[in-house]
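Taking numbering that gives the first Met the number 0, I'd label the letters of the sequence shown as residues 0 to 70.
Glycine included, C-beta positions come from ideal geometry on N, C-alpha and C.
Shown next, in structure tokens, is the structure this report addresses.
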Amino acid sequence: MACVNLATLKLTSDQKTKIVAWQAECMKAGCTKESRQTFLKQAKGILSAQQFAQLKAQCQKSAKETKKTEA
């Protein structure tokens, strides 16, 4: 499951393409803490401050929910 609702970020087509690819890499790696950090670092380079803040908040919320279901 994707950790981010891309529709809420109002991405350009280029941003969306990159975020989708990076998110897929993160998920393929098992959405570990390290893979999420890499994903966020990549995303920060192409998003506005507001977009990044929204993305980070959604990703952190998703990570917390994942931990609850694994416990």
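Kindly indicate which residue of 57, 46 and 52 has the alpha-carbon position closest to the one of residue 11.
Comparing Cα-Cα distances from residue 11 to each of 57, 46 and 52, the minimum goes to 46.
Alpha carbon to alpha carbon, what distance is there between residue 55 and residue 71?
Examination of residue 71 is not possible in this model, given that the chain is present from 0 through 70 alone.
What would DSSP say about residue 48, mapped onto helix, strand or coil?
The answer is helix: DSSP assigns residue 48 an H, G or I state.
May I have the straight-line CA-CA distance separating residue 15 from residue 35, to the nearest angstrom?
If I take the Cα positions, the gap works out to 17 Å.
When you compare only the Cα positions, how much space is there between residue 60 and residue 20?
Each residue's Cα considered, the two are about 20 Å apart.
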